[in-house]
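Participant:
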Amino acid sequence: MKRHSTNIRVRYAETDQMGVVHHGNYAQYLELARCDWLEQFGTSYKSMEESGVMLPVYEMNFKFKRPAKFDDILRVETILIKIPDVKIEFNYKIYNQEEKLLATAYTVLVFVDINSRKPMRCPDYILEKLNL
């Protein structure tokens, strides 16, 4: 469906004693990639929250194939799986600068009303921006 690539340089602080990126950092890489994915459509997490919509993570899965290392330039490919409703689902592929696949991931985020804290349908303005 809708896909986008984001480049991220691995910082030294993200690596562990073995010299590889600690698995806990990958969630942040996905968040950066999702923010970048949204911005290509002229919207942002900040503007969504200002309009009363939160988008918390409901589910997150990873499969790690190869390690990322300090100073690698990662390319995170973010792929929208289907038209959003109450939730929005993404697949991800993370590559290094040599285009070797390092990890795959899947996330589900839920649209939540910022005041009631209850799930809600994807706002129409988001669907319009996505041309769906």
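Residue numbers for the sequence shown follow the numbering used here, so the first one is 161 and each next one is one higher.
All C-beta atoms, glycine included, are put in the ideal place defined by N, C-alpha and C.
Which whole-angstrom value describes the C-beta separation of F250 and I239, a residue pair presumed to lie in contact below a C-beta threshold of 8 Å?
Facilitator: Residue numbering aside, residue 250 sits at position 90 when the sequence shown is read from its first letter. Residue numbering aside, residue 239 sits at position 79 when the sequence shown is read from its first letter. About 6 Å; that satisfies the 8 Å criterion.
Participant: So, helix, strand or coil for A265, using DSSP?
Facilitator: Within the sequence shown, the letter at position 105 stands for residue 265. Here A265 sits in strand by DSSP.
Participant: For T264 and S276, what's the separation of their Cα atoms in angstroms?
Facilitator: The sequence position of residue 264 within the sequence shown is 104, counting from 1. The sequence position of residue 276 within the sequence shown is 116, counting from 1. So the two alpha carbons sit approximately 34 Å from each other.
Participant: One question on the structure: do T175 and E219 come within less than 8 Å of each other, judged by their Cβ atoms?
Facilitator: Stepping through the sequence shown from its first residue, residue 175 is reached at position 15. Stepping through the sequence shown from its first residue, residue 219 is reached at position 59. No; because the gap between Cβ atoms is not below 8 Å, this pair is not in contact.
Participant: Excluding the 5 residues flanking V246 on each side, which residues of the same chain have their C-beta closer than 8 Å to its C-beta?
Facilitator: If you number the sequence shown from 1, residue 246 lands on position 86. Only V270, F271, P279, M280, R281, C282 meet the Cβ criterion.
Participant: Check for me: the alpha helix (DSSP H) holding S207 runs from which residue to which?
Facilitator: Mapped onto the sequence shown, residue 207 falls at position 47. Where S207 is concerned, the enclosing alpha helix (DSSP H) stretches over 205 to 210.
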